[in-house]
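Residue numbers (this note's numbering): 45 to 306.
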């Protein structure tokens, strides 16, 4: 009977042999799960103004609708992992909770969208594969978060994951080139435009900024610090925003934003 180490090494070798083949993502997933068990995984590719490209996932159909289909319709713009993928310095294995805003788990992205996933925790390998393309390999658990030791064990595999990911998806730019971009703008400008366009006939520039922070999961205190205004001023702006847009809760604000992107 093989030891755990022998099993992992064997699957690693199989993953190397599968580079460039359709089954590579599945074998890489088995390798990670042999080290630390988890239920689900999804691999997204990100590039400029294109919608995320689903490279692999192992969700059942109900979860896939939320985690892939719905996600690609707009909620990805509020995903902390997506935003981390846009910063080249943020490569490595990261915990979603460590890179999320201070009120992410009380925010509407979580309460109206992410909570539908039923996940206890999500962590992600962020890999720069070149030509402004980033691949994020997410590992997800339904029952309990990853322990500190489990996170360290997976983090130790990052050099291996990065090397194989860069080789397998190193030419991912060619797949994006066949997909229509959402606009001729680069992604940071596209994101800014989405928030500025939302309610643009009713909201001031400052109010549009505050909407962005609210939807990303920042508290009034954190929003005030980021914008250099008092917490009380943020709350006044929030009341005015709700009145102008005809909404009465963050949930309705989130729904209106996603609808505006359709």
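We put the CB at the ideal spot given by N, CA and C, even for glycine. None of these values were measured; they are calculated from a predicted model.
Query: Start and end of the beta strand (DSSP E) containing residue 277?; Result: First-last for residue 277: 275 to 289, but that is the alpha helix (DSSP H), not the beta strand (DSSP E).
Query: Is residue 184 near residue 117, with beta carbons less than 8 Å apart?; Result: no
Query: Just how far apart, CA to CA, sit residue 212 and residue 206?; Result: 10 Å
Query: Between residue 124 and residue 148, how many whole angstroms is the CB-CB distance? I'm expecting something under 8 Å.; Result: 7 Å
Query: Taking residue 135 as the reference, give the member of 61, 199, 122 with the closest Cα.; Result: 199
Query: Can you give me the C-alpha to C-alpha distance between residue 80 and residue 197, rounded to a whole angstrom?; Result: 7 Å
Query: If you draw a straight line from the C-alpha of residue 257 to the C-alpha of residue 290, how long is it?; Result: 19 Å
Query: Which two residues bound the contiguous alpha helix (DSSP H) that contains residue 217?; Result: 217 to 220
Query: Compute the Euclidean distance between the alpha carbons of residue 244 and residue 253, then round it to the nearest angstrom.; Result: 11 Å
Query: Do we get a CB-CB distance below 8 Å when we pair residue 174 with the residues of chain C?; Result: No chain C appears in this structure, which consists of one protein chain only.
Query: Taking Cβ to Cβ, would you say residue 121 is nearer than 8 Å to residue 179?; Result: no
Query: Tell me residue 271's beta-bridge partners as DSSP assigns them.; Result: According to DSSP, which records beta bridges pairwise, residue 271 is partnered with nothing at all.
Query: Do residue 69 and residue 87 come within 8 Å of each other at the CB atom, strictly closer than that value?; Result: yes
Query: Leaving aside the five residues before and after residue 143 along the sequence, list all residues of the same chain whose C-beta is less than 6 Å from its C-beta, in chain order.; Result: 124, 128
Query: Would you call residue 282 buried or exposed, if buried means 16 or more other Cβ atoms sit within 10 Å of its Cβ?; Result: buried
Query: How is residue 97 classed by DSSP in three states: helix, strand or coil?; Result: strand
Query: My output table needs one value for residue 144: the three-state DSSP class, helix, strand or coil.; Result: coil
Query: Compute the Euclidean distance between the alpha carbons of residue 230 and residue 301, then round it to the nearest angstrom.; Result: Any reading at residue 230 must be qualified, since the residue scores a pLDDT of 49, below 50, and its modelled position is unreliable; the value itself is stated next. Approximately 20 Å, taken between the alpha carbons.
Query: At what residues does the alpha helix (DSSP H) containing residue 183 begin and finish?; Result: Per DSSP, residue 183 belongs to no alpha helix (DSSP H); it is in the beta strand (DSSP E), 177 to 185.
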